[in-house]
Amino acid sequence: MLHALGQAIALSRQGAARGLAEHWGALKYSQALTGDTSSFMKLSAQGKVTAKHYKTLQSGELGIGFALAAAQRILAQHHPDHVVSIVPADTTLLAGWSARGTYHPQFFAELWKPGEPSLTLPIACKGNHSNAKYSHGQLASASAHVEAVHIGPWNETPALIFSTELPPDGHVTVHALHAEGRGGRLSEANAEGGALDIKSNEMHHYPEIRVPAEGDKPLSSVTGFHVTPERYEWFGRMLARTAAAGVTAFAGDGEATTQYLTKRQGQKHFTGFAHAAAGSVQDADHTLLDIPFAGTDHVFRLNGTRVEAFSGADTALLDLLARGQVEQYRRKIYECRSSWPSDSWDHSWNGPVSVHPDGTVLAIRLLS
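If you count by the working numbering, then the sequence shown holds residues 146 to 513, one letter each, in order.
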């Protein structure tokens, strides 16, 4: 869950302190939950005493972590021959729409396979410290956010919405709804290959969704984001390149990240001194679960105990992204999608390890 949340906020530009990478913000929840493989998770004693407005922040961010972890598992089980990429929607949409309004999903799930059109689902996540009734209200409000993006035919885009209950007394419960539809399909970027390696220019689309005419009524539109067929190739490229930026940012490689982002997407944020991870750049290497990883590390204290966290990506895959080879990177992770280790503990590292299908890793251990 911490891995999913860390990757989700790696491109967020939420104002982390200089020298501290955005994704380390997920570590503040290291002691917020309790539970193991034989029990349901719930808020720990420390998680319950969060004060005032921080409770809203806690439920919101933990809601993202649980929702994305659930989305990854659900979609992978239903589409075992595809790779599931979770991409921040706000960052992606910025490349094409400078005016975004109030409503938009938080993430896109792209289900892709080399040589085939991908399927893209908007995702909205919410969280609360209340009960099921409150979650039902959150699901209703979340639907307005996913409905703000239409990919293909009007009102046919499949979507996922989540609300996570984090009650003071009780177990964590994730409520999920799936909207079906025949839309969401993006055409293959380029039959000749290599299209994902090409930098895309920013577009200036007008924020409107075209509504089909009914009877004698004229065509109309509502505010939102409409990825129409002529925009499929461009949007597919932006999804893939924004996902690549998320991997390199999570590994602390600001220089590699800048090549995948446009100006509006925050390219400057990852350039030189302005990079939020400037003090924790990609300069650490570890072999975890017999796989070499390159990335960045961070040492902090929990109740006086020193803790080391390492985030990174498979060294060979990160090298491909550093060279701008998104197509080759995606082919490689597709080939090894079912061969990543399932173990969650590395004895030589002496701590828990999480490896995702995109080749990223998060590892944590106590230091003496």
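Virtual Cβ for every residue (Gly too), placed ideally from N, Cα, C.
Values in this document were obtained by computation on a predicted structure and should not be read as measured data.
- In this structure, His274 places its C-beta atom within 7 angstroms of the C-beta atom of Lys200.
- For Arg409, no beta strand (DSSP E) encloses it, and the DSSP letter there is neither H nor E.
- Straight across, the Cα-Cα distance linking Arg382 with Ile478 is about 17 angstroms.
- Gly315 and Asn276 have their C-alpha atoms some 10 angstroms from each other.
- Contact between Asp503 and Ser230 holds, with the beta-carbon distance rounding to 7 angstroms and staying under 8 angstroms.
- Secondary-structure assignment with DSSP links Thr368 through a beta bridge to Glu353.
- The beta-carbon distance between Gly205 and Gly272, rounded to whole angstroms, is 5 angstroms. This is short enough to meet the 8 angstroms contact definition.
- Leu150 and Asn448 have their C-alpha atoms spaced approximately 22 angstroms apart.
- Nearest Cα to Arg330 within the set Thr182, Asp464, Leu264 and Val471: Leu264.
- Looking from the CA of Pro313, the closest CA among Val194, Gln410 and Arg446 belongs to Val194.
- Here Tyr405 is not near Arg376, since their CB atoms are 7 angstroms or more apart.
- Pairing Ala293 with Trp490, the inter-Cα distance amounts to about 41 angstroms.
- Remark: C-beta atoms of Gly328 and Glu310 do not approach each other more closely than 7 angstroms.
- Contact between Arg510 and Asn495 holds, since their C-beta atoms are separated by about 5 angstroms, short of 8 angstroms.
- Using a Cβ distance threshold of 7 angstroms, Leu434 and Val392 do not count as a contacting pair.
- Bridge pairing for Arg476: absent [DSSP].
- Secondary structure note for Gly282: its alpha helix (DSSP H) is the uninterrupted segment Ala277 to Val291.
- Val471 carries a helical assignment under DSSP once its states are collapsed to helix, strand and coil.
- If the five residues before and after Val319 are omitted, its C-beta is found closer than 7 angstroms to the C-beta atoms of Phe211, Ala212, Ala215, Phe307 and Thr309, all from its own chain and listed in chain order.
- The region 343-356 and the region 233-251 touch, with three or more beta-carbon pairs separated by less than 8 angstroms.
- In this structure, His148 and His501 form a Cβ contact; the two beta carbons are roughly 6 angstroms apart against a cut-off of 8 angstroms.
- Around the beta-carbon of Asp430, fewer than 16 other beta-carbon atoms lie within 10 Å, marking it exposed.
- For the 7 angstroms CB-CB criterion, Phe395 and His168 form a contact.
- Assignment of beta-bridge partners to His492 by DSSP yields no partner.
- Take the alpha-carbon of Pro374 and the one of Pro267: they are about 17 angstroms apart.
- Nearest neighbour of Pro250 by Cα position, chosen from Val471, His198, Ala454 and Pro303, turns out to be Pro303.
- Sixteen is the threshold: when 16 or more other Cβ atoms of the shown chains lie within 10 Å of the Cβ of Ala508, as they do, the residue is buried.
- If you draw a straight line from the Cα of Ser183 to the Cα of Val317, it comes to about 14 angstroms.
- Each residue's CA atom was taken as its position, placing Leu156 and Thr236 some 8 angstroms apart.
- In terms of Cβ geometry, Leu384 and Val232 form a close pair [threshold 7 angstroms].
- One Cα belongs to Pro437, the other to Ser487, and the distance between them is close to 16 angstroms.
- When only Cα atoms are considered, Ala269 and Ala467 end up about 30 angstroms apart.
- When the five nearest sequence neighbours on each side are left out, the beta carbons in the same chain lying within less than 8 angstroms of the beta carbon of Val367 are those of Glu353, Ile354 and Val356, in order along the chain.
- Secondary structure note for Ala324: it is in no alpha helix (DSSP H), and the uninterrupted beta strand (DSSP E) holding it is Thr318 to Ala324.
- Rounded to the nearest whole angstrom, the C-alpha separation of Thr407 and Ala190 is 43 angstroms.
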